[in-house]
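Here the structure is laid out as structure tokens; the discussion comes afterwards.
There are 2 protein chains.
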Amino acid sequence: MTKPIILTGDRTTGPLHLGHYVGSLRNRVAFQDTHEQFLLLADAQALTDNVNDIAKVRNNVIEVALDYLAVGIDPAKTSICLQSHLPALTELAMLYLNFVTVARLERNPTIKDEIRARGFGRDIPAGFLCYPASQAADITAFRATVVPVGEDQAALIEQTNEIVRRVNALAGRELLPEAQAVIPRAGRLPGVDGRAKMSKSAGNAIPLSASPDEISAAVRAMFTDPDHLRIDDPGKVEGNLVFAYLDAFDDDRGMVEELKARYRRGGLGDSTIKRRLDDILQALIAPIRARRAELAASLDHVIEVIRAGTMKAREVTDRTRHDVTEGLGLFRL
Amino acid sequence: MTKPIILTGDRTTGPLHLGHYVGSLRNRVAFQDTHEQFLLLADAQALTDNVNDIAKVRNNVIEVALDYLAVGIDPAKTSICLQSHLPALTELAMLYLNFVTVARLERNPTIKDEIRARGFGRDIPAGFLCYPASQAADITAFRATVVPVGEDQAALIEQTNEIVRRVNALAGRELLPEAQAVIPRAGRLPGVDGRAKMSKSAGNAIPLSASPDEISAAVRAMFTDPDHLRIDDPGKVEGNLVFAYLDAFDDDRGMVEELKARYRRGGLGDSTIKRRLDDILQALIAPIRARRAELAASLDHVIEVIRAGTMKAREVTDRTRHDVTEGLGLFRL
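Encoded structure:
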């Protein structure tokens, strides 16, 4: 009875925030009891569009690892590993590039969206266009069958599975398992400014290390229902940012539904729901912030965790590389 | 007084032939006394357009190594190494893909020509489009400053140097040396059918393991001057395949010039010049063929040579990878 293998991770381009917490970190803490979990500090992938700011990519390796440990990722259950230190990943990626055409990469909807979002125009770094092959290498090297992704990234898993089928067909047997995309139910947390996605670069994020004042200021500034002028007026819950956050963070579902009903009827003030949200976020972040500060004071321990996770990951990924190159019949010294 | 480093190699897609001998192998035997020479068995690059015939790529690793040793490459002076077994090469290649745009790769004249020659159309394997980055990784990983290439490949060295300058600029110091393309004076040996390029796939090659009969048959079938009907007629030397081969292989330059003069005047028969060419090619190939057969009978030795060369190459290339990742400021565990 081996546990299914799950691979996720983050590009090391900035500390993580509440959007990550809702969309993935929270689930990962649960997954580590039911799955064999690997968390990839994706510094190599981060370089595909950050080559002019390598210091950012380097410095955030530790920041992201701190976030993982602070939210409750347990190194005894989850291997936190560093992408750039796993040579099997680049070897498989280069191999897989031979199994996918340039036209296919250009057709990938995720890549198309991201190229547009980044404003690359014609100046797309080749590494960026090729990262689906790199991601296929990551997933298959760990033999991950469960890959949590945002809904905008499901196309990447399909591309991985196309490569898997190609490799298996050439080998004449199932060298690699197909992976399944798991899209979190919680969906995406909007930014504190109401934009669809929370992101550090958009300046609308609450980081996991936010101070009490930062949290309160962010909650205070959130819009609710612009037509809800007096407490007694009926208010709208849909599109109301505070309720979106309560939906994401308030564990007392019954109370949230009751508050929504009262807000719709009229008689519930914005300050009341904001106070509730503030309390909840303060209670959520306080222990994370404390643990993060404690860990940051003993970075040697954090580096040791990454080193141990990377060593375990190296064993697993080297074995896969061996199986793939042997299975495909490449020359082996 | 360290020797300059030279890197060449061959895709492992078929045994080598007289075209390789004239264009590169002969020079490499000379270079090994004046340069620190690495010869790359480029099995990974061969996969970029041979992924559906991996057995061919695998089997020709040994064939090409046999050819190297048979023509006089001395493992004590030259390191024969296997590309797929040097992880630093793929790691640097993936890194370099971030320094080059897709548009730049598509503009590369060598790539454009080769895409046309292979009839890929829109179905260019991504690995094929990306191989200039891979070649840049090969060259820089060995810190090669001298890179013999065919005249159709000079653009690849320019692309390598663009990447080198980009890396050095980011690092703020000269992490990597620029490389210089060396285009052999001898030029290209035509095929035995008179086509501009000798190649196995065109079926117009004399392999280095050709039997005496194969050599004689090839020479007999060569065209000379179609208007040179009788011995006494004046004959043309330009476009005369036999003289093209004598120019390439006959060390007695004075005698070749005298024969050309006589042929032009009239009075020299095709059978005479063909006999001379046959003698020269038989004398050239006989010891290569014998040594090749001898080596093929002790493949363990050949594999040992590749293994030792690869280990030496691994040291050199791992050091470069270390220097580059450290110099660029990537995270290091």
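Residue numbers (my numbering), protein chains in the order written: chain A, 1 to 333; chain B, 1 to 333. Every residue, glycine too, gets a C-beta built ideally from N, C-alpha and C.
A buried status is given to A:Gln83, since no fewer than 16 other beta-carbon atoms sit within 10 Å of its beta-carbon.
About 22 Å separates the CB atoms of B:Phe142 and B:Ile303; that is not less than 8 Å, and the two are not in contact. Any Cβ of chain B closer than 8 Å to the Cβ of A:Ser201 would place that residue at the interface, and such an atom is absent. Within the model, the alpha-carbon separation for A:Leu175 versus B:Gln180 is close to 42 Å.
For the pair B:Met255 and B:Ala313, the Cα-to-Cα distance works out to about 44 Å. For A:Glu36, the pairing in a beta bridge is given by DSSP as A:Ile5. If you check each beta-carbon in the stretch 76 to 92 of chain B against every beta-carbon of chain A, the ones closer than 7 Å belong to Leu82, Ser84, His85, Pro87, Thr90, Glu91.
In the DSSP annotation of this structure, the continuous segment of the alpha helix (DSSP H) that includes B:Thr272 starts and ends at 270 to 296. Boundaries of the beta strand (DSSP E) harbouring A:Pro148: 146 to 148, taken from the DSSP string. DSSP places A:Val324 inside the alpha helix (DSSP H), whose first and last residues are 299 to 328. Apart from the 5 residues on each side of it in sequence, A:Ala244 sits with its Cβ closer than 7 Å to the Cβ of Pro190 in its chain, given in chain order. Contact between the stretch 196 to 208 of chain A and the stretch 160 to 170 of chain A is absent: fewer than three C-beta pairs spanning the two stretches fall below 8 Å. At a cut-off of 8 Å between beta carbons, A:Ala169 makes no contact with chain B. Counting along the chain, B:Thr90 sits inside the alpha helix (DSSP H) bounded by residues 87 to 96. When the beta-carbon positions are compared, B:Leu333 and A:Arg307 come within less than 8 Å of each other. Interface with chain B (8 Å Cβ-Cβ cutoff): A:Pro226 is excluded. The residue from B:Glu214, B:Leu89, B:Leu129, B:Leu39 with its alpha-carbon nearest to that of B:His322 is B:Leu89. At a C-beta separation below 9 Å, A:Pro125 has these neighbours in chain B: Leu97, Asn98, Phe99, Val100, Thr101, Val102. For B:Gln159, the enclosing alpha helix (DSSP H) stretches over residues 154 to 171.
Residues Leu299, Val302 of the same chain have their beta carbon placed closer than 7 Å to that of A:Ile62, with the five preceding and five following residues left out of the count. For A:Ser134, there is no enclosing beta strand (DSSP E); the residue is part of the alpha helix (DSSP H) that begins and ends at 131 to 141. A Cβ-Cβ distance of about 7 Å is found for the pair B:Leu208 and B:Pro15, placing them in contact under the 8 Å criterion. DSSP places A:Pro212 in the helix class (H, G or I) of the three-state scheme. Secondary structure at B:Thr101: strand, using DSSP grouped into helix, strand and coil. Per the Cβ contact rule, the stretch 221 to 228 of chain B is in contact with the stretch 265 to 276 of chain B (3 or more Cβ pairs under 8 Å). Annotation for B:Ile80: no alpha helix (DSSP H) segment contains it, though the beta strand (DSSP E) segment containing it runs 78 to 82. Nearest Cα to B:Thr78 within the set B:Val242, B:Lys56, B:Ala136, B:Asn27: B:Asn27. For the 8 Å CB-CB criterion, B:Gly266 and B:Asp232 form a contact. For A:Val242, the enclosing alpha helix (DSSP H) stretches over residues 241 to 249.
Put simply, the CB of A:Phe331 is near chain B, with a gap under 8 Å to one of its CB atoms. Of B:Phe249, B:Thr145, B:Thr224, the smallest CA-CA separation from B:Glu238 is found for B:Thr224. Of all residues in the stretch 298 to 312 of chain B, those with a C-beta nearer than 9 Å to a C-beta of chain A are Ile303, Ile306, Arg307, Thr310, reading in chain order. Exposed is the label assigned to B:Glu257, since fewer than 16 other Cβ atoms lie within 10 Å of its Cβ. Residue range 180 to 182 is occupied by the beta strand (DSSP E) that includes A:Val182. Distance from the Cα of A:Val64 is smallest, within the candidate group A:Asp53, A:Cys81, A:Asn52, for A:Cys81. Bridge pairing for B:His17: B:Pro207 [DSSP].
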